[in-house]
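What follows is a set of notes on a single structure, which appears directly below.
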Amino acid sequence: MILALTFVLTTVFIFRILPASCFSGYSTLLAPANEVLIPPELLSSKTVWTPDRELGQYEDLVARVTNFHNEDKGFMVLDGDVFDVPIRKDIVHRVVRWQLAKRQQGTHPTKTISEVSGTGKKP
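Written out as structure tokens, the structure is:
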């Protein structure tokens, strides 16, 4: 009886009282005004990477929109910076190689329990 009561009181103390009193000063919502969150010497001084090309360099494309019955439903303007860029042959090559490798079927045989050498007895 005393052991059960001690267990209940310990559990209540750990899960109800301890978190409220011990961790109340460690909130991540507000930082004190006199503290710096990250020291300046740890921050990177590298410049931000800029793309090789400027946006708006390529012209927008106009594509015809059809439904599944091949009936015209109008036209759609596609952003030239996304759809009119040069094809990256290295990326296309990697994707094709990946797709062909995933297509291969593994035909290596697996031994059944009767084909495994040795016995199942422990040494």
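Read in order, the letters of the sequence shown are residues -24 to -1, 1 to 99 in mature numbering (1 follows the signal peptide of the UniProt record, and there is no 0). A virtual CB, placed ideally from N, CA and C, is assigned to each residue, including glycine.
Hey, would you say the C-beta of Asp55 is under 8 Å away from at least one heavy atom of the ligand HEM? You won't find the ligand HEM in this model; it holds no ligand whatsoever.
Taking the DSSP output, what are the residues bridged to Phe51? Arg40
Quick one, which of Pro62, Arg70, Ile89 has its alpha-carbon nearest Tyr34's? Pro62
Spatial neighbours of Thr83 within its chain, please: CB distance less than 8 Å, with the 5 preceding and 5 following residues excluded, ordered by chain position. none
Which same chain residues end up closer than 8 Å to Asp57 when comparing Cβ atoms and leaving out the 5 residues on each side of it in sequence? Leu31, Gly32, Gln33, Tyr34
Taking Val53 and Asp66 to be in contact with their CB atoms under 8 Å, please state how far apart those CB atoms are, rounded to whole angstroms. Actually they are not in contact, since the Cβ atoms of Val53 and Asp66 sit about 29 Å apart, beyond 8 Å.
Just how far apart, CA to CA, sit Gly94 and Arg79? 36 Å
Please state whether DSSP places Leu35 in a helix, a strand or coil. According to the sequence displayed, residue 35 carries Glu and not Leu. DSSP places Glu35 in coil when its eight states are reduced to three.
Expressed to the nearest angstrom, what Euclidean distance is found between the alpha-carbon atoms of Gly96 and Pro85? 21 Å
What residues in its chain sit with their C-beta under 7 Å from that of Phe59, if we drop five residues either side in the sequence? Leu37
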